[in-house]
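Q:
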Amino acid sequence: MARRRGWRRRRNRRLAVVGVALLAAVVVAFWSRIWPFVLAAVGLVGVGALVWWGWRTHRELRRKDAIFRAEQRVLENNRTLDQVDKLSGEDFEKMVAELFRRGGCTKVMRVGGRGDRGVDVTGVLPDGRSMVVQCKRFAPRRPVRSEDMQRMLGSRTDFGADVAIFVTNTRFTDDAERYAKDNEIIAIGRNLFATWLKGATVESLIQTGGGGQGGRRHLKAWQQTYGKPGRTRRKKPAS
138 MARRRGWRRR RNRRLAVVGV ALLAAVVVAF WSRIWPFVLA AVGLVGVGAL VWWGWRTHRE
198 LRRKDAIFRA EQRVLENNRT LDQVDKLSGE DFEKMVAELF RRGGCTKVMR VGGRGDRGVD
258 VTGVLPDGRS MVVQCKRFAP RRPVRSEDMQ RMLGSRTDFG ADVAIFVTNT RFTDDAERYA
318 KDNEIIAIGR NLFATWLKGA TVESLIQTGG GGQGGRRHLK AWQQTYGKPG RTRRKKPAS
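Numbering-wise, the sequence shown is residues 138 to 376 according to the working numbering.
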């Protein structure tokens, strides 16, 4: 019994070796016929992938170039605060994005729109800090209140940004200015925005920071034109 079992094992091994050899011979013979087609298929897949990647890259570059040119047109065509006051909210965001880009900021993107989580522009400041920006284009008589900027804190956390910046074409109420200072929000108001249009650097605006209100002279001039922040002028009764 033992001899018979040993003979069967040796026979099975020989059969296994023969089977493997036959299988290898079949694969080699088969491969010699189909390998040109396999290589051709692999080459076509590679060329297709390269074409697809080039198309995607070209489309993305064109999209970014279109955004850049649109923002640049808005900036070039609106060099005064009176012109800025007439912009749509979207065009105001484009202008702010282009101003940051011209100021040396990188990775600047306008993300405003539905579901923007309170952020209109993102990017990286010249000193390397990441930023989130909220833009508000109001009528000049309408000041920014503290409730207008309360979402900035959550937005800064959501985006993991180092700096939160609030940009507007109008002024901030006293409460809004205090809120900005207490929560380390850089607020760029009407007067600072005017200097930005005239060529002030991003660094100087951030250093001026605070509520972004400008000096007392600016505040007085604004109040003479629009009334005190947060209040509306009462018309005198007709005599």
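From the three backbone atoms N, C-alpha and C, an ideal C-beta is built for every residue, glycine too.
Exposed or buried, what is Ser376 when buried is set at 16 or more other beta-carbons lying within 10 Å of its beta-carbon?
A: Low local confidence applies: a pLDDT of 38 at Ser376 is under 50, so the model's placement there is unreliable, and no value is given.
Q: Within 10 Å of its beta-carbon, does Thr305 have 16 or more other beta-carbons around it, so buried, or fewer, so exposed?
A: Answer is buried; the Cβ neighbour count reaches 16.
Q: Do you know how far the Cα of Val184 is from the Cα of Arg147?
A: Cα to Cα, the separation comes out at about 51 Å.
Q: What's the C-alpha gap between Asp222 and Phe229?
A: The alpha-carbon atoms of Asp222 and Phe229 are separated by roughly 9 Å.
Q: For the alpha helix (DSSP H) that Arg247 lies in, which residues bound it at each end?
A: Note, Arg247: premise wrong, no alpha helix (DSSP H); beta strand (DSSP E) at Thr243 to Arg247.
Q: Answer with buried or exposed for Arg193, where buried requires no fewer than 16 other C-beta atoms within 10 angstroms of its C-beta.
A: By the 10 Å Cβ count, Arg193 comes out exposed.
Q: I need the boundaries of the alpha helix (DSSP H) containing Ser292, first residue and last residue.
A: Unbroken alpha helix (DSSP H) run through Ser292: Arg288 to Asp295.
Q: I need the straight-line Cα distance from Asp319 to Ser283, nearest angstrom please.
A: Computed Cα separation, rounded: 11 Å.
Q: Can you list, in chain order, the residues of its chain with a C-beta nearer than 8 Å to that of Ile325? Leave out the 5 residues immediately preceding and following it.
A: Taken in chain order, the residues that qualify are Ile302, Phe303, Val304, Thr305, Trp333, Leu342 and Gly349.
Q: When you compare only the Cα positions, how much space is there between Val281 and Leu329?
A: The alpha-carbon atoms of Val281 and Leu329 are separated by roughly 14 Å.
Q: Using the three-state DSSP reduction, which class does Val233 fall into: helix, strand or coil?
A: In the structure shown, Val233 sits in a helix (DSSP, three-state: H, G or I).
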